[in-house]
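J.: Residue numbers (the numbering used here): 8 to 123. Think of the CB as a built atom: it goes at the ideal place given N, C-alpha and C, for glycine as much as any other residue. The structure displayed is predicted, hence computed values, not measured ones. Dropping the structure in here first, questions after.
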Amino acid sequence: NEDELKALYQVKSINDGLHRLREDCEFAAVTRNEHGSVVIDGDEVVIIDAEPVDSVVDATGAGDMYASGFLYGFVRGKPIEQCGKIGSIVASEVITHMGPRPLVPLTTVVPTHLRD
């Protein structure tokens with residue numbers, strides 16, 4: 008996530024952290040809470056919007072859910088933008104209640120066109 012990225016590289020801004028990350032990694036995703044996420048794929052930097060929620064109750068598990076949603080799309084050959092969108096959608100489900108696990112099957116929150 009953004010805070011861990013800045014701590015890792017001992018920088019104050021997300022842009023400085025991303026610049027350093029791009030020197031070390033060809034592929035990475037950085038979550039940014041309500042600011043969505045940033046995915047680095049070679050020379051491409053993809054900005055993913057956060058999925059809107061009425062209120063954040065508990066962020067526990069949000070990063071893990073984002074990663075699982077992103078990887079779900081990635082292993083199915085989805086474009087990076089769609090992988091990030093799936094990650095944002097499933098992360099948004101888990102932050103709306105207490106606890107790190109989804110309360111509903113994730114297939115009910117991810118639109119069909121992103122699953123197929």
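Among the candidates P109, G68, G80, whose CA atom is the shortest distance from the CA of R122?
T.: Looking at the Cα atoms, G80 is the closest of the given residues.
J.: Looking at G68: is its Cβ nearer than 7 Å to the Cβ of P107?
T.: Cβ atoms of G68 and P107: closer than 7 Å.
J.: Do A66 and G43 have their C-beta atoms closer together than 7 Å?
T.: Not a contact, by the Cβ cut-off of 7 Å.
J.: Report the rounded CA-to-CA distance for Y16 versus H104, giving the unit in angstroms.
T.: The straight-line gap from Cα to Cα measures roughly 32 Å.
J.: Which word fits G76, buried or exposed, when buried means at least 16 other C-beta atoms lie within 10 angstroms of its C-beta?
T.: Its Cβ being crowded by 16 or more others within 10 Å, G76 is buried.
J.: Taking C-beta to C-beta, are V60 and S95 nearer than 7 Å?
T.: Not in contact: V60 and S95 (Cβ atoms no closer than 7 Å).
J.: Considering just the uninterrupted stretch of the alpha helix (DSSP H) at S95, what are its terminal residues?
T.: Looking at the DSSP string, the run of the alpha helix (DSSP H) that includes S95 is 87–101.
J.: Report the rounded CA-to-CA distance for G84 versus V45, giving the unit in angstroms.
T.: For G84 and V45, the distance between alpha carbons rounds to 19 Å.
J.: By the DSSP assignment, the beta strand (DSSP E) with V82 in it spans what residues?
T.: Element bounds for V82: not the beta strand (DSSP E) but the alpha helix (DSSP H), 69–82.
J.: Please tell me whether V53 and I87 are closer than 7 Å, where the distance is taken between their beta carbons.
T.: Result yes, Cβ atoms of V53 and I87 sit closer than 7 Å.
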